[in-house]
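Residue numbers for the sequence shown follow the numbering used here, so the first one is 22 and each next one is one higher.
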Amino acid sequence: MKFPARRDLTHVFLHDVRVALRVGYLDSEKTAPQPVIISVDVGMAALPDYTTIGNDLTQLFDYSGLHHYLTVEMPQQPHCAFLEEVAEHVLQFCWRDARVLHTSVRIQKPNIFPDAPNIGIVLKRRRPEMNPEGCTDR
Numbered sequence: 022m023k024f025p026a027r028r029d030l031t032h033v034f035l036h037d038v039r040v041a042l043r044v045g046y047l048d049s050e051k052t053a054p055q056p057v058i059i060s061v062d063v064g065m066a067a068l069p070d071y072t073t074i075g076n077d078l079t080q081l082f083d084y085s086g087l088h089h090y091l092t093v094e095m096p097q098q099p100h101c102a103f104l105e106e107v108a109e110h111v112l113q114f115c116w117r118d119a120r121v122l123h124t125s126v127r128i129q130k131p132n133i134f135p136d137a138p139n140i141g142i143v144l145k146r147r148r149p150e151m152n153p154e155g156c157t158d159r
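The structure is reproduced here in structure tokens:
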């Protein structure tokens, strides 16, 4: 199967957002929200020329909407047992924008162990219709 030429990508990121979420498997983690640090990276097809969009935010990924989701909406979500579940919710939020081709979500819990400043996970996904070269099959 022949795939189209590789696309140029725009990489949008929002790193190290600190927020308190209800997350954790242990009984001690279920009593109150705990601090987490969330970083999100989004890749989308680049526009051919960004100098022509003027003030049209609809042409771009709205990272202020992502920040609002992480800091306002996520803290209101029910308790999640695992960081992977939280990351999946963040990823699904990013994929509301159909132009997003791939997303990486890193979530850290600070100060869980005295000798390790952070523990955490990284969830990376690309849209199912993408091949390994990063091109869509359409």
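C-beta: ideal position from N, C-alpha, C; glycine also.
None of the values given here were measured: they were computed from a predicted structure.
Y84 versus E50: straight-line alpha-carbon distance, rounded: 29 Å
Own chain partners of E105 with C-beta closer than 7 Å, once the 5 adjacent residues on each side are dropped: I142, L144
Inter-residue spacing [alpha-carbon to alpha-carbon] between N139 and H36: 15 Å
Backbone CA spacing between D62 and S125 [nearest angstrom]: 5 Å
Alpha-carbon spacing of Q80 relative to T72, whole angstroms: 11 Å
Paired residues, beta bridge with Q55 - DSSP: L42
Reference C115, options L42, H89, F103, closest by Cα: H89
Bridge-paired residues (DSSP) for T72: None; T72 has no bridge partner.
Between the CA atoms of S60 and A137 - distance to the nearest angstrom: 19 Å
Pair within 8 Å by beta-carbon distance, F82 and D48: no
Status (buried if at least 16 other CB within 10 Å, exposed otherwise) for N152: Reliability of the predicted coordinates at N152 is poor, the pLDDT of 49 falling under 50, and the value obtained from them is presented with this limitation in mind. Counting Cβ neighbours within 10 Å, N152 comes out exposed, since fewer than 16 surround it.
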